[in-house]
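*Asks:*
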């Protein structure tokens, strides 16, 4: 069953929309005016902003908040990336990505993060015991761009993992350039352990040593980056004293399993984990972002990316831009959320085995 969502359905007071099986779904509007959809299952809940970038504003499972710590208690109605930076999942791109250089004309991380979606819906599948929220955004600029982006997030009744898909249809009569990054912002934990399907060396795990304009480094920051460049394993245990202030960014060459999936997780001291799964054939670049400050505490374990984060011009020069032909559709799928302690150990063992092949 499919339920079309309209902005008029979202009021200041939280109201039930539907309930079936373990699912309870409500609509409400933040004080800022942003519409929000709360989806509750047997394990926890997510809050989705159906008309603002299809962001997943919050994710909480098994009593644990997965979302990064930020200065934003609620979303802000804006197109400015840094003026609304506190969501669990932000979709970045499409005509630009990363920090723009002087020769770029795109905003930080492009137009998609806070894009005003034209339509949104909810799909309920009692047979599969799942629900899916989705929406479309049409981006048209004369003499430049014309695409339709569709984003969907699915959740099963007894799961703490989200299945997310993004597709972009080129509606121009000529090819289009495309950049995408799935900005999943987990909350880091002291002594958290990072495990991921890559070789742990400076060739496969590369730290960004250039400093973008929005970053104001503290004394010792450049020296810390140099240490990480020589030995990336330093960051594999998130010790409180490590200088991830304001941020550290890595680019990682991931290894996929027999089914084409790469895996990354943060193991918590209690044995559970935050988890990301993606396909390198869809997103050949894996970006890792760590920010640990008193006001912002975030961990991008593995951002599936088509491109790096140096801006359109720099990435174009490196040949790291996707080309979508007229009428074609580019697509990416990813899975992210929480693993139980037993699921965590199984995944760590599988990651270790991949690196021995």
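In the working numbering, the protein residues as written are -9 to 347.
The C-beta atom is built at its ideal place from N, Cα and C for all residues, glycine as well.
1. In the DSSP assignment, find the alpha helix (DSSP H) that holds residue 311 and state where it starts and stops.
2. Given a cut-off of 8 Å on the beta-carbon distance, is the pair residue 147 and residue 49 in contact?
3. Should residue 22 be labelled buried (16 or more other beta-carbon atoms within 10 Å of its own) or exposed?
4. Which residue wins for smallest C-alpha separation from residue 263, given the options 0, 26 and 54?
5. By the 10 Å Cβ neighbour count, where 16 or more other Cβ atoms means buried, how is residue 327 classified, buried or exposed?
6. Using the C-alpha atoms, what's the distance from residue 243 back to residue 250?
7. List the DSSP bridge partners of residue 332.
8. Tell me whether the beta-carbon of residue 112 lies closer than 8 Å to the beta-carbon of residue -7.
9. Could you tell me the alpha carbon to alpha carbon distance between residue 247 and residue 272, rounded to whole angstroms?
10. Would you say residue 239 and residue 282 are within 8 Å of each other, going by their C-beta atoms?
11. Considering only DSSP beta bridges, list what residue 136 is partnered with.
12. Give me, in chain order, the residues of the same chain whose beta-carbon lies closer than 8 Å to that of residue 163; leave out the 5 immediate sequence neighbours on both sides.
13. Jot down the residue ranges of each uninterrupted alpha helix (DSSP H) in the stretch 201 to 231, minimum 4 residues, whole runs only, in chain order.
14. To which residues of the same chain is residue 330 closer than 7 Å at the C-beta, ignoring the five residues directly before and after it?
15. With 16 as the cutoff for other CB atoms within 10 Å, does residue 336 come out buried or exposed?
16. Is residue 303 closer than 8 Å to residue 275 when the C-beta atoms are compared?
17. For residue 23, report the span of its beta strand (DSSP E) as first-last.
18. How long is the line joining the alpha carbons of residue 64 and residue 142, rounded to whole angstroms?
19. Less than 8 Å between the CB atoms is what I'm expecting for residue 83 and residue 171, so what's the real figure, rounded?
20. Would you mind working out which of 185, 215 and 236 sits nearest residue 377, comparing C-alpha positions?
21. Give the DSSP-derived three-state secondary structure of residue -6 in the structure shown.
22. In whole angstroms, give me the CA-to-CA distance for residue 123 and residue 210.
23. Work out the CA separation of residue 11 and residue 167 for me, nearest whole Å.
*Replies:* On the basis of the coordinates in this document:
1. Taken as a continuous stretch (DSSP letters only), residue 311 belongs to no alpha helix (DSSP H), as it is neither H nor E.
2. Cβ atoms of residue 147 and residue 49: not closer than 8 Å.
3. With fewer than 16 Cβ atoms within 10 Å of its Cβ, residue 22 is classed as exposed.
4. The candidate whose alpha carbon is nearest that of residue 263 is 54.
5. With 16 or more Cβ atoms within 10 Å of its Cβ, residue 327 is classed as buried.
6. Linking residue 250 to residue 243 through their CA atoms gives a straight-line distance of about 14 Å.
7. In the DSSP assignment, residue 332 is bridged to no other residue.
8. Yes, they are a contact pair.
9. Cα to Cα, residue 247 sits roughly 14 Å from residue 272.
10. Not in contact: residue 239 and residue 282 (Cβ atoms no closer than 8 Å).
11. Looking at the DSSP assignment, residue 136 forms a beta bridge with 130.
12. In the same chain as residue 163, and ignoring 5 residues on each side of it, the C-beta atoms closer than 8 Å to its own belong to 316, in chain order.
13. DSSP runs (the alpha helix (DSSP H)) wholly in the stretch 201 to 231: 211 to 220.
14. Here residue 330 has 262 as same chain residues with Cβ atoms under 7 Å from its own Cβ, once five neighbours each way along the sequence are excluded.
15. Residue environment for residue 336: exposed (fewer than 16 other C-beta atoms within 10 angstroms of its C-beta).
16. It is not a contact, given that the beta carbons lie outside the stated cut-off.
17. Here residue 23 belongs to no beta strand (DSSP E), and DSSP marks it neither H nor E.
18. Taking the CA atoms as reference points, residue 64 sits about 22 Å from residue 142.
19. Rounded to whole angstroms, the Cβ separation of residue 83 and residue 171 is 6 Å, and the two are in contact under 8 Å.
20. Limits of the chain in this structure are -9 at one end and 347 at the other, which puts residue 377 out of reach.
21. Secondary structure of residue -6 (DSSP, three-state): strand.
22. Looking at the backbone, the Cα of residue 123 and that of residue 210 are separated by about 44 Å.
23. Between the C-alpha atoms of residue 167 and residue 11 there is a straight-line separation of about 43 Å.
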